[in-house]
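Residue numbers (this note's numbering): 1 to 496.
Scroll down for the structure; my scribbles are underneath it.
Following this line, the structure appears as structure tokens:
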């Protein structure tokens, strides 16, 4: 409900028959300021009059808080524009000197400013042995002496926001530009909610762009990335790095989202990636990735491999689930022995429940033996603690690829990096078998987690009943696994 100006009590409280203005002090400043609120009396008992007078007082009190924060702790986020403008002026002055002189003069000029930006340390920490070989500059973001702290030395730890601002100030002052990754930490904290693999793609895109700009003589400066740099960067990835169009498009998408965020912070005027174009060649049917044939599926399921890999293949084949979802299954993801609960994949907003096929009952029972709660169903594929961003399915994927190639199940097209058959072919096989068994498309899409067509099914429906899903899943039949002759259905539009 919109407040009426005459009755609005925002920033106001009634005290001894008169009104006064009240502005809350941020929690981080309350102890040092010695107050939780700043108050100022108004010479009126009329709420309407108080509403007319309060805004000037509110501004004065907020200015008082900001001045105290700046004096005590250094520059605040609100000072970012002024700080970077000051750095730009320093950069213009230093541009007249050689690179060697520029560094020495720059450090003398900016040292005091950097310290004022950092302000008062929030705490002190002792240098651990593993930190001793890292420079103070790396640890704290900036240290004019760039000294190596000894083990046990107490070093100041500054506010993270101020450290970032100090780093940006130094980069602009010494190099004349705002680093491409200047908003990376904030972006990851506030916007980037993706899988570890996609976060790696984001990191890789920023590093490649920064390296390209430096190579082009532009420096690591986000303000110099315009539509021409974007075009040249895309051409560089395609021609010199030899990347596939789909991979380039992935990186361009990551950069577009990041630059949108930087633009929202008003650090750049436009997002040059918004109109970026990546040429996507049309793939012919014989170049598209495809499902396994019945013969290939039988060969993989009958081959000599570790039990864990065979179990993963069976679940993938009879649920249509992605490899990552299968490997990440836990004991409590088996619901009453009747269905799997797969974690959200891609753009899914919540978990997906898929009935357990009768041919998987023995595998599930064996995998559940002695396990409960958060116990992994596939402990054979543990988390890689040396690379925490890597999915647990990475090792399973490598094992499957090695096994598949050893059996001769491969389909490589000249000029393509990936084989036309891979673990995802089990998902394609499941969908193909479902379609041929007469499973309705909306039901099949719901089972495998694809977006269902139309607003009615896609937005308003809660999905099909589990009974219908169970009947659909049971229609998926494995090829003969006893060496019997295998019949290969002929498709209307085969990918051959």
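The beta carbon of each residue, even a glycine, is placed where N, CA and C say it ideally should be.
Return the CA-CA distance between residue i and residue j, expressed in angstroms with no decimal places.
i	j	result
residue 263	residue 83	18 Å
residue 18	residue 69	30 Å
residue 476	residue 448	13 Å
residue 441	residue 363	28 Å
residue 401	residue 302	16 Å
residue 317	residue 339	15 Å
residue 507	residue 471	Because the chain spans 1 through 496 in this model, residue 507 falls outside it and cannot be assessed.
residue 29	residue 50	27 Å
residue 10	residue 25	15 Å
residue 478	residue 214	55 Å
residue 59	residue 48	19 Å
residue 372	residue 249	42 Å
residue 489	residue 208	46 Å
residue 334	residue 352	12 Å
residue 349	residue 395	26 Å
residue 66	residue 384	46 Å
residue 135	residue 188	Low local confidence applies: a pLDDT of 45 at residue 135 is under 50, so the model's placement there is unreliable, with the coordinate-based value given in what follows. Their Cα atoms are separated by approximately 25 Å.
residue 228	residue 94	28 Å
residue 484	residue 294	12 Å
residue 446	residue 190	31 Å
residue 86	residue 115	15 Å
Is it true that the CB of residue j sits closer than 8 Å to the CB of residue i?
i	j	result
residue 292	residue 321	no
residue 31	residue 57	no
residue 307	residue 375	no
residue 173	residue 90	yes
residue 246	residue 391	no
residue 177	residue 224	yes
residue 481	residue 403	no
residue 175	residue 219	yes
residue 23	residue 12	no
residue 497	residue 474	The structure shown does not extend to residue 497, since the chain spans only 1 to 496, so no value can be given for it.
Can you tell me whether residue i is buried or exposed? The criterion is at least 16 other CB atoms within 10 Å of its CB, across all chains shown.
i	result
residue 164	buried
residue 206	buried
residue 77	Bear in mind that the predicted position of residue 77 carries a pLDDT of just 47, short of 50, making it too unreliable to give a figure here.
residue 124	exposed
residue 422	buried
residue 279	exposed
residue 167	buried
residue 328	buried
residue 487	exposed
residue 54	buried
residue 467	exposed
residue 465	exposed
residue 381	buried
Please tell me whether, using a cut-off of 7 Å, the distance from the CB of residue i to the nearest non-hydrogen atom of the ligand FAD is below it.
i	result
residue 276	Absence of the ligand FAD from the depicted structure is noted, as is the absence of any ligand whatsoever, leaving it without description.
To the nearest whole angstrom, what separates the beta carbons of residue i and residue j, a pair I think is in contact under 8 Å?
i	j	result
residue 121	residue 170	Actually they are not in contact, since the Cβ atoms of residue 121 and residue 170 sit about 18 Å apart, beyond 8 Å.
residue 179	residue 110	That belief does not hold up - the Cβ atoms of residue 179 and residue 110 are roughly 16 Å apart, past 8 Å.
residue 393	residue 323	5 Å
> Contact between the segment 248-268 and the segment 174-187: three or more CB pairs below 8 Å?
Replying inline: yes
>> With three or more C-beta pairs closer than 8 Å as the rule, is the segment 403-410 touching the segment 272-282?
In response: no
>> Between the segment 247-255 and the segment 222-237, can you find at least three pairs of beta-carbon atoms closer than 8 Å?
In response: yes
> If we count Cβ pairs, one from each stretch, closer than 8 Å, do we get three or more for the segment 418-430 versus the segment 236-243?
Replying inline: no
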